[in-house]
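Enquirer: First to last, the protein sequences are chains X and R. Taking my numbering, the leading residue of the first sequence gets 9, the next gets one more, and so forth. Taking my numbering, the leading residue of the second sequence gets 36, the next gets one more, and so forth. Pasting a structure here, questions to come.
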Amino acid sequence: MNTIRGVSKTTSIIIAVVVILVIVIAAAIVLTRQPAPTQTTPTPTPTTQVVTKTIEKTVTQTVPTTVTTVTTQVTTQVITTTTPVEKVFIRFAGWSAGETEMKNYEKIIKMFEEKYPTVEVKYEVITQMFHENILASYGAGVAPDVFYLDSSWAPIFIEKGALYPVSDLLGKDFLDQFYDFLLVPFKGNDGKIYGVPKDWSMLMLFYNKKLFEQAGLTKPPETWDELLEYAKIITEKTGVPGLAIYLGGFNRYMPVALSNGAPKPWFDSPDDASWFDNPVVKETMAWYINLYLKGKVEREKQGLPPYVVAPQDVGAGWLGDAFGSQKVAMVISGNWMIPFLADQFPDFKYGVDWDIAPLPKGKAGRVTMAYTVALAINAKTEYPKEAAELVKFITGKEGQRILVVKMGHTLPSIKGLEEDPNMWPQHKKSLSFVKLYDHIQIFLWGPKSGELEGTISDIMASAMRGEISIDEALNSMKQAVREMFGG
Amino acid sequence: MKPKPFSQLSSKPKRLLEKKKYREALSALLLISLAAGLNIVFGYFAMFFAFYLSFFKWDYIGPMEFVGLKNYEVIVKDIIRGLSGAFYTFAPFYTGLRNILLYTAIVVPVQTILAIILAVFANQKIKGVQFYKVAYFLPAVTCPVIVALIFIWLFMKNGFINYMIQFIAPGFAPDWINDKNYLLYAIALVAIWGTSGHFMVSFLAALQSIPRDVYEAAMLDGAGPFRRFIYITLPLLRPMIVYVVVMGLIGALQMFDLAWVMAGSSGGPGGAGYTIALDIYNEAFIKLRPGVAAAKSVFLFFLIFITTYVFQKKYRVLPR
Chain X
9 MNTIRGVSKT
19 TSIIIAVVVI
29 LVIVIAAAIV
39 LTRQPAPTQT
49 TPTPTPTTQV
59 VTKTIEKTVT
69 QTVPTTVTTV
79 TTQVTTQVIT
89 TTTPVEKVFI
99 RFAGWSAGET
109 EMKNYEKIIK
119 MFEEKYPTVE
129 VKYEVITQMF
139 HENILASYGA
149 GVAPDVFYLD
159 SSWAPIFIEK
169 GALYPVSDLL
179 GKDFLDQFYD
189 FLLVPFKGND
199 GKIYGVPKDW
209 SMLMLFYNKK
219 LFEQAGLTKP
229 PETWDELLEY
239 AKIITEKTGV
249 PGLAIYLGGF
259 NRYMPVALSN
269 GAPKPWFDSP
279 DDASWFDNPV
289 VKETMAWYIN
299 LYLKGKVERE
309 KQGLPPYVVA
319 PQDVGAGWLG
329 DAFGSQKVAM
339 VISGNWMIPF
349 LADQFPDFKY
359 GVDWDIAPLP
369 KGKAGRVTMA
379 YTVALAINAK
389 TEYPKEAAEL
399 VKFITGKEGQ
409 RILVVKMGHT
419 LPSIKGLEED
429 PNMWPQHKKS
439 LSFVKLYDHI
449 QIFLWGPKSG
459 ELEGTISDIM
469 ASAMRGEISI
479 DEALNSMKQA
489 VREMFGG
Chain R
36 MKPKPFSQLS
46 SKPKRLLEKK
56 KYREALSALL
66 LISLAAGLNI
76 VFGYFAMFFA
86 FYLSFFKWDY
96 IGPMEFVGLK
106 NYEVIVKDII
116 RGLSGAFYTF
126 APFYTGLRNI
136 LLYTAIVVPV
146 QTILAIILAV
156 FANQKIKGVQ
166 FYKVAYFLPA
176 VTCPVIVALI
186 FIWLFMKNGF
196 INYMIQFIAP
206 GFAPDWINDK
216 NYLLYAIALV
226 AIWGTSGHFM
236 VSFLAALQSI
246 PRDVYEAAML
256 DGAGPFRRFI
266 YITLPLLRPM
276 IVYVVVMGLI
286 GALQMFDLAW
296 VMAGSSGGPG
306 GAGYTIALDI
316 YNEAFIKLRP
326 GVAAAKSVFL
336 FFLIFITTYV
346 FQKKYRVLPR
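Structure representation (structure tokens):
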């Protein structure tokens, strides 16, 4: 009797556990499943279009309004009814460069919601590993409707059909306001634009005016050779390393290559490894690696002070830190360094203590690197029109005045804001360099730009430390490209 | 009066009792279900999905494509290539495997021995022993990422650690973090510092459960403190040593956080701080090959499973 009851009890427990698990799993499935796409074709029944959104179990709010629906039937008729229209929810994901940026975005979103009362925007901040998170959310089927997209990640998303062609919705007039080189990375093979740049930054030369004076130098270097020469002079006269660069840094090397006449980089097949066979690439790569190898590693072996260092060699976390603490005289960095210097080193003043200059010239002209982030729309969004309006609102002139110009973190991607009174003088000066460049290379060289950047930088760093020779490094770079594209 | 035995109770209270028991079981199930449900969705489901994924090619956005053992082939090729001496970026898995084995071989024995020594000291009746216990245990309750960040400063070329070394070995001042010959040792040192205190507590508990009379008998027989330690303490600690080594192996073989902070995602100079866990991450989110990443995870699982299983089989004390 007891044993029978015991068995039945254990069985009932097991059954209970299974039931609970089924409920939990079913709940999880229901919560994560996307709703079926709403029909867009006009239905013959005289119902009004009801827009719903159930992603993430959001409670929909109802706002009673009068809606006019036109139904295309055999006998076309206009029906006017008063029904509750449910709000449209748009999920917007971005990273954040700090609390001010987040607050500004919240402000802009509030303005947008006031203009479009039926749309509600859910602003989500993903602070770490943004694109990895977005990819994972695509995998899970819960990707946001509008999100940031870095130029180097753009081809991955475009090729896989993950993005909505915004040029279909925004029109030529709107897109023509942007710097055209910023749109290039977001252009698909079909010629459509898949992202609207929200801002951008470019590389420039930051130099310490006081150290230049002490070294008897009156103006920033004009050519790459002069840059190296100046670095040596400064170290000799002041004892401070003349130039700081990162160990590795394929994208930092790129302006040197392109300004000396190297072909524009594009890697998407094993044959593209031949880029590293180009004599200009070989020569400039050796020059760039030697900056550190000869300027730091070999100098220290001889017991001499280095004229080129990496930030960590002077106890700094990154170039901005090294330059701001005046441990080096020159660095090549982007606009993001400007607010950092103003914030972290308020006594180190722009115009008095330091200044910016365009990147030095090479044999074939002047080239810089640009970095841009766009707003992209999920191809599977239910509300492309509303999403496009949001993109337009944020990246338009008025949006950029608040989010970009006033913030002073980056440069506006839309033309015509150069003379805005709120524009920081440093950024304004850097924008004036644009016309000096023969080419502005966006950080994008094929569908695997990020991976390639990492691998080639690792190889460059090994060669800079003297662990492998420059020839070995070039061969390894070729092998890396061949393997990445399946050769 | 003696209480009636259970079987002799009248049927009414008996049924009440059953009802009570049933209720108890139900509430227990309800309380467990949340944790169990979460564990199943995020633990077991994720594990089985990873195993399933390791046979597929996927890019997160498009559909999954069955590729059989192709993902495992990537691992084998990587190891073969690494053994034949390829540059570290071309054999990332081999680099990670080699590093993690060396790291484990350093960290696990040292942290275990150090934990025993610390526990023996903490078990003495010395004044202020409580302070030492807290001091040893403090690293175990500190976030490893913060610990690693602090150690980066201590390990700098002109940092505190090199300053202290000058008194012991003048002239020896490696650039710990930026030199490929020292990076892994620097990481190992931080790991040992962080985990020894944690395992000390385990040993302390085991030490306190050793009966005093065994020691007293040994003392009567004339055994000194050293012999008592070798012939009594260590053998009686054996089950705990096995436990600590197994836990240490599991932790060390899947080390990620310290390498990520101290060496960076690409493993630092010469890939010296690259680990299998970092490689799995890079495979999944930089190279965007979640299938290969899953296959590497399965490999790591079997590596951990086999090492810990063999170790337990060999050294476990069978219950008498």
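For glycine and all other residues, C-beta sits at the position ideal for the given N, C-alpha and C.
1. Taking the straight line between their C-alpha atoms, what separation do you get for residue 375/X and residue 189/X?
2. In angstroms with no decimal places, state the Cα-to-Cα distance between residue 186/R and residue 170/R.
3. Would you verify that the beta carbon of residue 213/R is, or is not, closer than 8 Å to some beta carbon of chain X?
4. Round the Cβ separation of residue 331/R and residue 67/R to the nearest angstrom and send it over; I've been treating them as touching at under 8 Å.
5. With a threshold of 8 Å between beta-carbons, can residue 322/R be considered close to chain X, or not?
6. Along the chain, where does the beta strand (DSSP E) containing residue 421/X start, and where does it finish?
7. Hey, how far is the Cα of residue 129/X from the Cα of residue 117/X?
8. Sort out for me which residues DSSP pairs residue 364/X with in a bridge.
9. Please list the residues of the segment 109 to 140 of chain R that have a C-beta atom closer than 7 Å to any C-beta atom in chain X, keeping them in chain order.
10. For residue 463/X, would you say it is in contact with chain R, using Cβ-to-Cβ distances shorter than 8 Å as the test?
11. Measure the beta-carbon distance from residue 111/X to residue 383/X and round it to whole angstroms, keeping in mind my assumption that it falls under 8 Å.
12. What is the DSSP secondary structure of residue 87/R, reduced to helix, strand or coil?
13. What is the DSSP secondary structure of residue 136/R, reduced to helix, strand or coil?
14. Could you compute how far the alpha carbon of residue 168/X sits from the alpha carbon of residue 490/X?
15. Below 8 Å, how does it come out for the segment 136 to 154 of chain R and the segment 226 to 234 of chain R: are there three or more Cβ pairs, yes or no?
16. Quick one: using the 10 Å Cβ neighbour count with 16 as the cut-off for buried, is residue 337/R buried or exposed?
17. Whose CA, out of 435/X, 483/X, 394/X and 457/X, lies closest to the CA of residue 8/X?
18. Taking Cβ-Cβ distances below 8 Å as the criterion, which residues of the segment 163 to 176 of chain X are in contact with chain R?
19. Could you tell me whether the Cβ of residue 87/R comes closer than 8 Å to any Cβ of chain X?
20. What are the boundary residues of the beta strand (DSSP E) that includes residue 128/X?
21. Any chance the segment 203 to 217 of chain X sits against the segment 367 to 374 of chain X, with 3 or more Cβ pairs inside 8 Å?
22. So who's on the other strand from residue 208/X, going by DSSP bridges?
23. Could you please give me the residues that DSSP links to residue 449/X through a beta bridge?
24. Go to residue 338/X, then tell me how far its beta strand (DSSP E) extends in each direction, as first and last residue.
25. Please report the residue range of the alpha helix (DSSP H) in which residue 294/R lies.
26. Does residue 147/X come within less than 8 Å of chain R when only Cβ atoms are used?
27. Under a Cβ-count criterion, where at least 16 other Cβ atoms within 10 Å of its own Cβ denotes burial, should residue 58/R be classed as buried or exposed?
28. DSSP state of residue 246/X, grouped into three classes?
29. What are the boundary residues of the alpha helix (DSSP H) that includes residue 218/R?
30. Assuming residue 91/R and residue 326/R make a contact with CB atoms under 8 Å, what is their CB distance in whole Å?
31. Would the segment 393 to 407 of chain X and the segment 256 to 264 of chain X be scored as touching if the rule is three or more Cβ pairs under 8 Å?
32. Do the segment 197 to 204 of chain X and the segment 218 to 235 of chain X meet, that is, are 3 or more Cβ pairs less than 8 Å apart?
33. Since residue 137/R contacts residue 219/R with CB under 8 Å, what's their CB separation in whole angstroms?
34. Please report how far the alpha carbon of residue 297/X lies from the alpha carbon of residue 408/X, in whole angstroms.
35. Quick check on DSSP: helix, strand or coil for residue 2/X?
36. Considering just the uninterrupted stretch of the alpha helix (DSSP H) at residue 409/X, what are its terminal residues?
Expert: To lay it out plainly:
1. The sequence position of residue 375/X within the first sequence is 367, counting from 1. The sequence position of residue 189/X within the first sequence is 181, counting from 1. One C-alpha to the other measures close to 13 Å.
2. What you label residue 186/R is simply residue 151 of the second sequence in a count that begins at 1. What you label residue 170/R is simply residue 135 of the second sequence in a count that begins at 1. For the pair residue 186/R and residue 170/R, the Cα-to-Cα distance works out to about 17 Å.
3. Residue numbering aside, residue 213/R sits at position 178 when the second sequence is read from its first letter. Answer yes: the Cβ-Cβ gap between residue 213/R and chain X drops below 8 Å somewhere.
4. Here residue 331/R is taken as the residue at index 296 of the second sequence, counted from 1. Here residue 67/R is taken as the residue at index 32 of the second sequence, counted from 1. About 33 Å separates the two Cβ atoms, so there is no contact after all.
5. For the purposes of this step, residue 322/R is taken as residue 287 along the second sequence, with counting starting at 1. Yes, its Cβ sits closer than 8 Å to a Cβ of chain X.
6. In the first sequence, residue 421/X corresponds to position 413, counting from 1. From DSSP, residue 421/X is part of no beta strand (DSSP E); its letter is neither H nor E.
7. Here the question's residue 129/X lines up with position 121 in the first sequence. Here the question's residue 117/X lines up with position 109 in the first sequence. Answer to the nearest angstrom: the Cα atoms are 7 Å apart.
8. Taking the first sequence and counting its residues from 1, the one referred to as residue 364/X is at position 356. The partner list for residue 364/X (beta bridge, DSSP) reads 214/X.
9. 122, 124 and 125
10. Residue numbering aside, residue 463/X sits at position 455 when the first sequence is read from its first letter. Cβ-Cβ to chain R under 8 Å: yes for residue 463/X.
11. To locate residue 111/X, count along the first sequence from 1; it is residue 103. To locate residue 383/X, count along the first sequence from 1; it is residue 375. At roughly 19 Å, the Cβ-Cβ gap does not stay under 8 Å, so residue 111/X and residue 383/X are not in contact.
12. Numbered from its first residue, the second sequence carries residue 87/R at position 52. Looking at residue 87/R - three-state DSSP - the assignment turns out to be helix.
13. As a first step, residue 136/R is located in the second sequence; it is residue number 101 there, counting from the start. In this structure, residue 136/R counts as helix in the three-state DSSP scheme.
14. For the purposes of this step, residue 168/X is identified with residue 160 of the first sequence, where counting begins at 1. For the purposes of this step, residue 490/X is identified with residue 482 of the first sequence, where counting begins at 1. Taking the straight line from one Cα to the other gives about 22 Å.
15. yes
16. The residue given as residue 337/R occupies position 302 in the second sequence. Classification of residue 337/R: exposed, given that the 10 Å Cβ count is below 16.
17. Past the boundaries of the shown model lies residue 8/X; chain X is included only from 9 to 495, so the question cannot be answered.
18. Result list: 164, 165, 168, 169 and 170.
19. Translated into the one-based positions of the second sequence, residue 87/R becomes position 52. No, residue 87/R lies away from the interface with chain X (no Cβ there is under 8 Å from its Cβ).
20. Residue numbering aside, residue 128/X sits at position 120 when the first sequence is read from its first letter. 127 to 133 is the span of the beta strand (DSSP E), which, as asked, contains residue 128/X.
21. yes
22. The count along the first sequence starts at 1 and reaches residue 208/X at position 200. Partner(s): 380/X and 419/X.
23. As a first step, residue 449/X is located in the first sequence; it is residue number 441 there, counting from the start. 377/X.
24. As a first step, residue 338/X is located in the first sequence; it is residue number 330 there, counting from the start. Element bounds for residue 338/X: 338 to 342.
25. By one-based count along the second sequence, residue 294/R stands at place 259. Its alpha helix (DSSP H) spans residues 292 to 297.
26. Within the first sequence, the letter at position 139 stands for residue 147/X. It does: the Cβ of residue 147/X has a partner Cβ on chain R nearer than 8 Å.
27. As a working mapping, residue 58/R is identified with position 23 in the second sequence. So residue 58/R ends up on the exposed side.
28. As a first step, residue 246/X must be located in the first sequence, where it is residue number 238. In the structure shown, residue 246/X sits in a helix (DSSP, three-state: H, G or I).
29. By one-based count along the second sequence, residue 218/R stands at place 183. Note, residue 218/R: alpha helix (DSSP H), 218 to 243.
30. As a working note, residue 91/R is residue 56 in the second sequence. As a working note, residue 326/R is residue 291 in the second sequence. At roughly 5 Å, the Cβ-Cβ gap stays under 8 Å, so residue 91/R and residue 326/R are in contact.
31. no
32. Output reads no: the segment 218 to 235 of chain X does not touch the segment 197 to 204 of chain X.
33. The residue labelled residue 137/R in the question sits at position 102 within the second sequence. The residue labelled residue 219/R in the question sits at position 184 within the second sequence. With a Cβ gap of about 6 Å, residue 137/R and residue 219/R count as contacting.
34. In the first sequence, counting from the first residue as 1, residue 297/X sits at position 289. In the first sequence, counting from the first residue as 1, residue 408/X sits at position 400. Rounded to the nearest whole angstrom, the CA to CA distance from residue 297/X to residue 408/X is 39 Å.
35. Because chain X here runs from 9 to 495, residue 2/X falls outside it and cannot be looked at.
36. Translated into positions along the first sequence, residue 409/X becomes position 401. Segment: none, residue 409/X is in no alpha helix (DSSP H) and carries neither H nor E.
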